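Asker: Starting off with a structure, shown below.
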Amino acid sequence: MTTTLMISDLHLHPGAPDVAEGFVGWLETRARGADAVYILGDLFEAWIGDDLLDHADQDPSGNAQLAIRVAGALRQLTDDGTALYLMHGNRDFLLGHRFADAIGAKLLSDPAVLRLGDEQVLLMHGDTLCTRDEAYQAFRTQARNPAWQEQILAMPLADRLQLAAALRQQSGEATSNKAEDIMDVTPEEVVRVMRDHGVTTLIHGHTHRPAVHELEVDDQPARRIVLGDWQPGHGWEVEIDASGEPKLRDITY
Numbered sequence: 001m002t003t004t005l006m007i008s009d010l011h012l013h014p015g016a017p018d019v020a021e022g023f024v025g026w027l028e029t030r031a032r033g034a035d036a037v038y039i040l041g042d043l044f045e046a047w048i049g050d051d052l053l054d055h056a057d058q059d060p061s062g063n064a065q066l067a068i069r070v071a072g073a074l075r076q077l078t079d080d081g082t083a084l085y086l087m088h089g090n091r092d093f094l095l096g097h098r099f100a101d102a103i104g105a106k107l108l109s110d111p112a113v114l115r116l117g118d119e120q121v122l123l124m125h126g127d128t129l130c131t132r133d134e135a136y137q138a139f140r141t142q143a144r145n146p147a148w149q150e151q152i153l154a155m156p157l158a159d160r161l162q163l164a165a166a167l168r169q170q171s172g173e174a175t176s177n178k179a180e181d182i183m184d185v186t187p188e189e190v191v192r193v194m195r196d197h198g199v200t201t202l203i204h205g206h207t208h209r210p211a212v213h214e215l216e217v218d219d220q221p222a223r224r225i226v227l228g229d230w231q232p233g234h235g236w237e238v239e240i241d242a243s244g245e246p247k248l249r250d251i252t253y
């Protein structure tokens, strides 16, 4: 049976070992035998460069050890024949081709269009849909600048680890002071993006608000499927079987 699975927002980090082990278990059981797995951003809570895979002995934070553990489980999945696709999130935007090659994955652009049967489906991380969060959008523009990324990746590993910790703290403080609607998608932007890509189905993560939203795009019925984030004991996936119909599922592990 043809099966495609989509997940996002695992935010893996050493402080949440239950989520990491739950994800590895999901790869070894639920994802085993799937035709394709799509990770739509924020696999890691932070990513400071693909060379992290080389420095398990220089990283007291445990990020390198976690990266190696997860990379090994993902590589096993692709070695067993499952196609793996990886999209950048707002937390792990420095994931590069070296990491993708190491796990046998293909890096996806954001947005990306996927054909499911007779339908074109739009895949996004979802952060660009939150246009009312102007401060974040300004940071995103800076963080996706190749020159800025090159400058960051040239820093010593210890300095990058400190920077990642500082950015996480700043992000948490900023989020606590923002109104709920600012951190959610802008409905007009959703319609515009779907119209521009000629789709009636959009699947994304980022907002941590799992749901299926019915809407209209140019008087045509449409839907927006939002993946949730992973927490200890449970996560979220979209399953697409041979029928081509996406199903949002709350999963336990």
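With the UniProt record's numbering applied, the sequence shown has no gaps in its numbers, which climb one by one up to 253 at the end.
Glycine included, each C-beta is placed from N, C-alpha and C at the ideal position.
From a predicted model like this one, the values you see are computed outputs, not experimental measurements.
Quick one: residues in its chain with C-beta nearer than 7 Å to the C-beta of Q120, no 5 flanking neighbours on either side, listed in chain order?
Answerer: Counted from its first residue, the sequence shown places residue 120 at position 120. Answer for Q120: V113, G198 and V199, listed in chain order.
Asker: Quick check on DSSP: helix, strand or coil for T2?
Answerer: Your numbering for residue 2 matches position 2 in the sequence shown. Three-state result, T2: coil.
Asker: For a test of the three-state rule: what should DSSP assign to V185, helix, strand or coil?
Answerer: The count along the sequence shown starts at 1 and reaches residue 185 at position 185. Coil, per DSSP.
Asker: Tell me whether T128 sits in a helix, a strand or coil according to DSSP, three-state version.
Answerer: Within the sequence shown, residue 128 is the residue found at index 128, counting from 1. Of the three classes helix, strand and coil, the one that applies to T128 here is helix, per DSSP.
Asker: Inspect the CB distances between the segment 227-236 and the segment 143-152 and report whether three or more fall short of 8 Å.
Answerer: Verdict: no, contact absent.
Asker: Just verifying my parser: in three-state terms, what is the DSSP assignment at M87?
Answerer: Sequence index remark: in the sequence shown, residue 87 carries index 87 (1-based). Three-state result, M87: strand.
Asker: From the DSSP output, read off the bridge partner residues of D220.
Answerer: Within the sequence shown, numbered from 1, the residue matching residue 220 stands at position 220. The sequence shown places Gln at residue 220, not Asp. In DSSP, Q220 forms a bridge with V217.
Asker: Quick one: using the 10 Å Cβ neighbour count with 16 as the cut-off for buried, is H97 buried or exposed?
Answerer: For the purposes of this step, residue 97 is taken as residue 97 along the sequence shown, with counting starting at 1. With fewer than 16 Cβ atoms within 10 Å of its Cβ, H97 is classed as exposed.
Asker: How far does the beta strand (DSSP E) with D79 in it reach, from first residue to last?
Answerer: In the sequence shown, residue 79 corresponds to position 79, counting from 1. D79 -> not in any beta strand (DSSP E); alpha helix (DSSP H) instead, spanning N63 to D79.
Asker: According to the Cβ coordinates, are F99 and W26 closer than 9 Å?
Answerer: For the purposes of this step, residue 99 is taken as the residue at position 99 of the sequence shown. For the purposes of this step, residue 26 is taken as the residue at position 26 of the sequence shown. No, the Cβ-Cβ distance between F99 and W26 is not below 9 Å.
Asker: Taking 8 Å as the cut-off, does the segment 77-94 touch the segment 31-40 (at least 3 CB pairs, one atom from each stretch)?
Answerer: With the cut-off at 8 Å, the segment 31-40 and the segment 77-94 touch.
Asker: Do you know offhand how far I103's Cα is from L40's?
Answerer: By 1-based counting over the sequence shown, the position of residue 103 is 103. By 1-based counting over the sequence shown, the position of residue 40 is 40. Whole-angstrom Cα-Cα distance: 16 Å.
Asker: Just to confirm, is the Cβ distance from I203 to M124 under 9 Å?
Answerer: Within the sequence shown, numbered from 1, the residue matching residue 203 stands at position 203. Within the sequence shown, numbered from 1, the residue matching residue 124 stands at position 124. Closer than 9 Å, so yes.
Asker: In this structure, how does DSSP classify P246 when only helix, strand and coil are distinguished?
Answerer: As a position in the sequence shown, residue 246 is number 246, starting the count at 1. Reduced to three states, the DSSP call for P246 is strand.
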